[in-house]
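S.K.:
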Amino acid sequence: MFTFAVKLHINNFSSIMANMIKIKKGLDINLKGKASDVLLNGGKSDSYAIVPDYYNGIIPKVVAKVGEKVKAGSVLMIDKNRPEIKFVSPVSGEVTAVNRGEKRKVLSIVVKPDAQIEYEDFGKKNVASLKGEEVKDAILNAGMWPFIKQRPYDIVASPVETPRDIFVSAFFSAPLAPNFDFIVKGQEADFQTGLDALTKLTTGKVYVGIRKGSSVRVNGVETVEVEGPHPAGNVGVQINQIKPVNKGEVVWVVNPTDVIVIGRLFNKGIADFSRLVVITGSETTERGYIKTIAGCTINSLVAGKILEGNEAVRIISGNVLTGTKVQKEDYLGAYDNQITVIPEGNETNDFFGWATPGFGKYSVSHSFPTWLVGKNKEYVIDARIKGGKRAIIMSNEYDSVFPMDIMPEYLLKAIIAFDIDKMENLGIYEVAPEDFALCEFVDTSKIELQKIVRNGLDLLYKEMN
Amino acid sequence: MKALRNYLDKIKPNFEEGGKLAMFRSVFDGFETFLFVPNSTSKSGVHIHDCMDSKRTMTIVIIALLPALLFGMYNVGYQHNLAIGSDPGFLMTFIYGFLAVLPKIIVSYVVGLGIEFTVAQWKKEEIQEGFLVSGILIPMIVPVDTPLWMIAVATAFAVVFAKEVFGGTGYNVFNVALVTRAFLFFAYPAAMSGDQVFVRTSDTFGLGAGQVVDGFTGATPLGQIAIAGKELIGSFQATNILGEPISTMDYFIGLIPGSIGETSVLAILIGAVILLVTKIASWKTMTSVFVGGAVMSLIFNMIGTTVAMSVSPLDHLFLGGFAFGAVFMATDPVTSARTETGKYIYGFLVGAMAIIIRALNPGYPEGMMLAILLMNVFAPLIDYYVVEANINRRLKRAMK
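Taken in order, these protein sequences are the chains called A and B.
The opening position of the first sequence corresponds to residue 43 in this note's numbering, with each subsequent residue numbered one higher.
The opening position of the second sequence corresponds to residue 604 in this note's numbering, with each subsequent residue numbered one higher.
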């Protein structure tokens, strides 16, 4: 009935040339505190932990006992409903605590590491000669299954299903995000092996989205070059552009850094959860990459690297849009490759802020003069919400930073009303909360959109299963 | 500033739950956030936020309205002096108009914000700033001689029945200011139309007293067009209140009788530029209204059996409340179409409908108010079809 201006285009995928996606909608928030491609010291943590809250769609059941000696790769916890999904210790040592909160909810399982890490032996395997089921079992047994998430619902994937396709976005586009090209240096073989393993798990294809101009080269998978502002690197956006998820279909997604860990499992036969984490943000004194192991404390990453001033700072595990607010004694997010430190800003008093011209204040709207300054200026943005929560008033705010063929405002309204038919029709199965992060950033009405989407997905999952 | 902050922090506990002034909590909160951008930080979700908030949005709309408001004040004085045949100079002319308009602004704000504050306190919510714009729109779209009590009654009606019962700013179906105007129009027709209401002939607070000159007629150009019928076709000539001929240029500048803020297309265009540069109003809606109006007038020009039909497109767009409605009312994001395609359709139909009412209904010389209110009703329907188109396309994709 109506013709829409199609702002996004995809080249013909059957062509021999590299596949290309060009994203126009979106926003690169130019934050101060970028890291350069250097390795920093640090990362030696005095405890490591599994934090169930970092995973969606699982019910934790602790199997390790306090005082027990474990190796790297020993099972600490399983999913109650799907016991084949295991969560293993990233290091060898002693289980020192199972922390519980209200209603005995498991908060964390803590392991005190040995001086030298001992690994469970899973045996080196040649992926090429393995069947899909064997690859699946290997990943499950080594506790790496939680790396694999599925759309719809954005939860840890179900091992009994076979996905239509698997998507890996090797392009981190979020503010201050790590550079995957740097991370993968020296680990290309593990990355390739990990991708080979993934190809065994699907009857369809494995798609790898890489940044335009990236030096990452992989074989045996569909490589798609992605160009454009954030959220171009979000795997959800790439799925929507490459081959969208329709009702009844399931696709899996894996972080490229986790693909490397899976590859290592097959190449070395051990569960080696070491990874590079980038330290970024305006409130840091030293910025760069730290080699550490999943589940380490935040303190082991940021100690001595935070600007000591009078003002409070906020430490985020992850990026400023989708990360988790953490304290120094908390643990690194299960899927995170990044720590961002920004000012908290709760001591700032902005007198008549809504009326003053507001030089130097960051806004995508043209009602602040920042849009005249140009895109190269870097901004220090604190954690203030900078306004009161309102009903949705302005229209088209979300669309301009939402590069999917989905109407974000209407989908959100359907989720709030929990109208299942509408949600399905408007694309709930394609989205994850992270896809709405930029919408939440630009929202004049300061609504917590990611939370709405998360709750909607969880409720829908319950309703459907 | 620091002292003020400290003082606020000192008195704040009184307004918290259980404090002795807890019943004024929303009001305190409203004033506190008015003075200082709230410094609460995000607890979950994104850690950084854009500096834009709804207070800033509303402020910019008000700034955009100021040129038209100030011009309107001057024009009130100008028309008055023209009617009594005196020339007290620019400043006194403006002051006369300022004094005539100010009480209306005060009444509109006091009544509307009073209700908003009460409801916010009752619902234990923050005060929403939506009425800051409605409150200044209301005095700008009424004739200058509207009695204050009428404005008070109509404002109260609109705020309660067009806004609060729906849930407040963001949930209303109709533009609140236009509901006020419609209430006045239908409840007190004698005070809202005719040729006696658009020019203030009496004195204001003792200022500008005088006798109306001979040959005075207070009819607006649109009023003249409406009563001209078909006899004068080809020879119709709009006049000012002294019977002197006026042209398109006069319509553009706006020193003609009409509702307070609507007469000057020039001043309104300054506001339009502010709204478009800051991207607060949708250029799609705004331009579509003008396009719709122009296309419809061209069609009527071709029929051309009455004076109203033969008015040129440009004159139609410049006259009455057309430009004001297109720039400030049709673009209200809450009550207009929200989808991008919908905005073109919505805007076009607003413009077309306004001209249809003007040309075909001699009882209503002006059609803009009714056109926008009518399209407010249809906006969700337009959006519905645009969303359905998206749904259908997505379903087709699944079929492949």
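A virtual CB, placed ideally from N, CA and C, is assigned to each residue, including glycine.
All values reported here derive from a predicted model rather than from experimental measurement.
(1) Say whether chain A places a C-beta atom closer than 9 Å to the C-beta of B/T662.
(2) In the stretch 205 to 253 of chain A, which residue ranges form an unbroken beta strand (DSSP E) of at least 3 residues, counting only runs that do not cross its ends?
(3) If you scan the stretch 919 to 965 of chain B from start to end, which runs of the alpha helix (DSSP H) of 4 or more residues do you find wholly inside it?
(4) Which class does B/Q724 belong to by DSSP, given the choice of helix, strand or coil?
(5) Does B/T890 have its Cβ less than 9 Å from a Cβ in chain A?
(6) Based on DSSP bridge pairs, tell me the residues matched to A/N141.
(7) List the residues that DSSP assigns as beta-bridge partners of A/T334.
(8) Which same chain residues end up closer than 6 Å to A/R206 when comparing Cβ atoms and leaving out the 5 residues on each side of it in sequence?
(9) Helix, strand or coil for A/N467, going by three-state DSSP, please let me know.
(10) Taking 9 Å as the CB-CB limit, is A/P286 close to chain B?
(11) Would you say A/L468 lies against chain B (beta-carbon separation less than 9 Å)?
(12) DSSP beta-bridge partners for A/Q192?
(13) Report the CB separation of A/I340 from A/V368 in whole angstroms; it is logged as a contact under 8 Å.
(14) Among all the DSSP beta bridges, which residues are the ones paired with A/Q17?
(15) B/G846 and B/T820 - do their beta-carbons sit closer together than 9 Å?
(16) Please name the residue, chosen from A/I335, A/K178, A/L491, A/K333, that lies closest to A/L240 on a Cα-to-Cα basis.
(17) Looking at C-alpha atoms only, which residue of A/A157, A/F164, A/Y195 is the closest neighbour of A/A180?
(18) Output yes if chain A places a C-beta closer than 9 Å to the C-beta of B/P936; else output no.
(19) What do you reckon, are the CB atoms on B/I744 and B/F921 nearer than 9 Å?
(20) Examine chain C for any beta-carbon lying closer than 9 Å to the beta-carbon of A/Q380, and answer yes or no.
(21) Quick check: the Cα distance between B/T909 and B/N964, rounded to an integer number of angstroms?
(22) Could you list which residues in chain B have their beta carbon closer than 9 Å to that of A/Q492, in chain order?
(23) Could you say which of B/A940, B/M899, B/M1002, B/L984 lies nearest to B/G970 if we only look at CA atoms?
(24) For B/P641, go through chain A and note every residue whose CB falls closer than 8 Å to its CB, in chain order.
(25) Using CA coordinates, which residue listed in A/G99, A/Y471, A/V443, A/T265 is at the minimum distance from A/C481?
(26) A/E386 touches chain B at which residues, Cβ-Cβ below 7 Å?
(27) Are the CB atoms of B/T758 and B/I741 within a distance shorter than 9 Å?
(28) Between the beta-carbon of A/V250 and the beta-carbon of A/V210, is there less than 9 Å?
(29) Throw me the rounded Cβ distance for the A/A114 and A/S87 pair, which I believe falls under 8 Å.
(30) Between the C-alpha atoms of B/I902 and B/M912, what's the straight-line distance to the nearest angstrom?
(31) Cα separation between B/N617 and A/T390?
(32) Cα separation between A/I494 and A/I457?
(33) With DSSP as the reference, identify every bridge partner of A/M62, one or two as the case may be.
(34) Could I get the ranges of all uninterrupted beta strand (DSSP E) runs contained in the stretch 878 to 924 of chain B, with 3 residues as the minimum, in chain order?
(35) To the nearest angstrom, report how far apart A/P445 and A/S437 are at their CA atoms.
(36) So which of A/V140, A/R432, A/G99, A/V260 has the shortest CA-CA distance to A/I190?
M.R.: By the coordinates alone:
(1) Within the second sequence, the letter at position 59 stands for residue 662 of chain B. Chain A, which has a Cβ nearer than 9 Å to the Cβ of B/T662, makes this yes.
(2) 208 to 212, 248 to 253
(3) 943 to 963
(4) For the purposes of this step, residue 724 of chain B is taken as residue 121 along the second sequence, with counting starting at 1. Correct three-state label for B/Q724: helix.
(5) Reading the second sequence from its first residue, position 287 is the one you call residue 890 of chain B. So, not an interface residue.
(6) Here the question's residue 141 of chain A lines up with position 99 in the first sequence. Answer by DSSP bridge pairing, in chain order: A/S150.
(7) As a working mapping, residue 334 of chain A is identified with position 292 in the first sequence. A/R317, per the DSSP bridge assignment.
(8) In the first sequence, residue 206 of chain A corresponds to position 164, counting from 1. Contacts found: G246, E291, V293.
(9) Indexing the first sequence from 1 puts residue 467 of chain A at position 425. Three-state result, A/N467: helix.
(10) Along the first sequence, read from residue 1 onward, the residue named residue 286 of chain A stands at position 244. So, interface residue.
(11) Within the first sequence, residue 468 of chain A is the residue found at index 426, counting from 1. True, the Cβ-Cβ gap to chain B drops below 9 Å.
(12) Stepping through the first sequence from its first residue, residue 192 of chain A is reached at position 150. A/Q192 pairs with A/I197, A/W294.
(13) Residue mapping note: residue 340 of chain A aligns to position 298 of the first sequence, counting from 1. Residue mapping note: residue 368 of chain A aligns to position 326 of the first sequence, counting from 1. About 5 Å separates the two Cβ atoms, so the contact holds.
(14) Nothing about residue 17 of chain A can be read from this structure; chain A reaches only from 43 to 507.
(15) The count along the second sequence starts at 1 and reaches residue 820 of chain B at position 217. The count along the second sequence starts at 1 and reaches residue 846 of chain B at position 243. Yes.
(16) The residue you call residue 240 of chain A lines up with position 198 of the first sequence. Of the candidates A/I335, A/K178, A/L491, A/K333, the one whose C-alpha sits nearest the C-alpha of A/L240 is A/K178.
(17) Within the first sequence, residue 180 of chain A is the residue found at index 138, counting from 1. Answer by Cα proximity: A/F164.
(18) Your numbering for residue 936 of chain B matches position 333 in the second sequence. Yes, its Cβ sits closer than 9 Å to a Cβ of chain A.
(19) Counting from 1 along the second sequence, the entry for residue 744 of chain B is found at position 141. Counting from 1 along the second sequence, the entry for residue 921 of chain B is found at position 318. No; because the gap between Cβ atoms is not below 9 Å, this pair is not in contact.
(20) Judged by its chain identifiers, the structure shown contains no chain C, and its protein chains are A and B.
(21) The count along the second sequence starts at 1 and reaches residue 909 of chain B at position 306. The count along the second sequence starts at 1 and reaches residue 964 of chain B at position 361. The alpha-carbon atoms of B/T909 and B/N964 are separated by roughly 11 Å.
(22) Taking the first sequence and counting its residues from 1, one reaches residue 492 of chain A at position 450. Here the neighbours are S647, G648, V649.
(23) Taking the second sequence and counting its residues from 1, the one referred to as residue 970 of chain B is at position 367. Of the candidates B/A940, B/M899, B/M1002, B/L984, the one whose C-alpha sits nearest the C-alpha of B/G970 is B/M899.
(24) For this step, residue 641 of chain B is matched to residue 38 along the second sequence. By Cβ distance, chain A contributes R426, I427, K428, G429, G430.
(25) Counting from one through the first sequence, the residue named residue 481 of chain A turns up at place 439. Comparing Cα-Cα distances from A/C481 to each of A/G99, A/Y471, A/V443, A/T265, the minimum goes to A/V443.
(26) As a working mapping, residue 386 of chain A is identified with position 344 in the first sequence. Simply T644.
(27) As a first step, residue 741 of chain B is located in the second sequence; it is residue number 138 there, counting from the start. As a first step, residue 758 of chain B is located in the second sequence; it is residue number 155 there, counting from the start. In this structure, B/T758 lies closer than 9 Å to B/I741 by Cβ.
(28) Within the first sequence, the letter at position 208 stands for residue 250 of chain A. Within the first sequence, the letter at position 168 stands for residue 210 of chain A. Yes.
(29) Position 72 of the first sequence, counted from the first residue, corresponds to residue 114 of chain A. Position 45 of the first sequence, counted from the first residue, corresponds to residue 87 of chain A. A/A114 to A/S87, Cβ: 13 Å. No contact.
(30) Walking along the second sequence from the start, residue 902 of chain B turns up at place 299. Walking along the second sequence from the start, residue 912 of chain B turns up at place 309. Looking at the two C-alpha atoms, the distance is approximately 9 Å.
(31) For the purposes of this step, residue 617 of chain B is taken as residue 14 along the second sequence, with counting starting at 1. For the purposes of this step, residue 390 of chain A is taken as residue 348 along the first sequence, with counting starting at 1. If you take the alpha carbons of B/N617 and A/T390, they lie about 23 Å apart.
(32) As a working note, residue 494 of chain A is residue 452 in the first sequence. As a working note, residue 457 of chain A is residue 415 in the first sequence. Rounded to the nearest angstrom, the two C-alpha atoms are 7 Å apart.
(33) Working through the first sequence from its first residue, we reach residue 62 of chain A at position 20. According to DSSP, A/M62 bridges with A/E267.
(34) none
(35) Here residue 445 of chain A is taken as the residue at index 403 of the first sequence, counted from 1. Here residue 437 of chain A is taken as the residue at index 395 of the first sequence, counted from 1. The straight-line gap from Cα to Cα measures roughly 16 Å.
(36) Here residue 190 of chain A refers to the residue found at position 148 of the first sequence. The shortest C-alpha separation from A/I190 is found at A/G99.
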